[in-house]
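Asks:
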Amino acid sequence: GANSIAAAIGKDSVASAALGSWIVLAEYDKQGKPLCVRAAQIDGEKLKPNVFYKLKNGEFVAIEA
């Protein structure tokens, strides 16, 4: 919902949130070692509401349905 934080920090996790909310994701290497953790606000421009994202090379990437 609005003004929430969705955190998915397990290996191969994805997250989605409403406009104005935040997502937190982690990225791991093939051996399961954490590489990166990032947080961002769903702004409707760079990150769209109700779209699932994952981290790839430290960047938020939308998941195709």
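Residues are numbered in the numbering used here as their position in the sequence shown, beginning at 1, plus a constant of 959. Yeah, the Cβ is synthetic: ideal placement off N, Cα and C, and Gly gets one too.
1) Does the distance from the C-beta atom of R997 to that of L978 stay below 8 Å?
2) Alpha carbon to alpha carbon, how far is C995 from Y987?
3) Helix, strand or coil for V996? Go by DSSP, reduced to three states.
4) Would you check if the distance between the CB atom of S980 and the CB atom of A961 is smaller than 8 Å?
5) Under a three-way DSSP split, which group does I982 fall into?
6) Kindly identify the DSSP beta-bridge partner or partners of L1006.
Replies: This is what the structure holds:
1) Position 38 of the sequence shown, counted from the first residue, corresponds to residue 997. Position 19 of the sequence shown, counted from the first residue, corresponds to residue 978. The answer is no: Cβ separation not under 8 Å.
2) For the purposes of this step, residue 995 is taken as residue 36 along the sequence shown, with counting starting at 1. For the purposes of this step, residue 987 is taken as residue 28 along the sequence shown, with counting starting at 1. C-alpha of C995 to C-alpha of Y987: approximately 7 Å in a straight line.
3) The sequence position of residue 996 within the sequence shown is 37, counting from 1. Secondary structure of V996 (DSSP, three-state): strand.
4) Start at 1 with the first residue of the sequence shown, and residue 980 comes out as number 21. Start at 1 with the first residue of the sequence shown, and residue 961 comes out as number 2. Contact flag set, yes.
5) Working through the sequence shown from its first residue, we reach residue 982 at position 23. Note: I982 maps to strand in three-state DSSP.
6) Numbered from 1 along the sequence shown, position 47 holds the residue referred to as residue 1006. DSSP output for L1006 lists no bridge partner at all.
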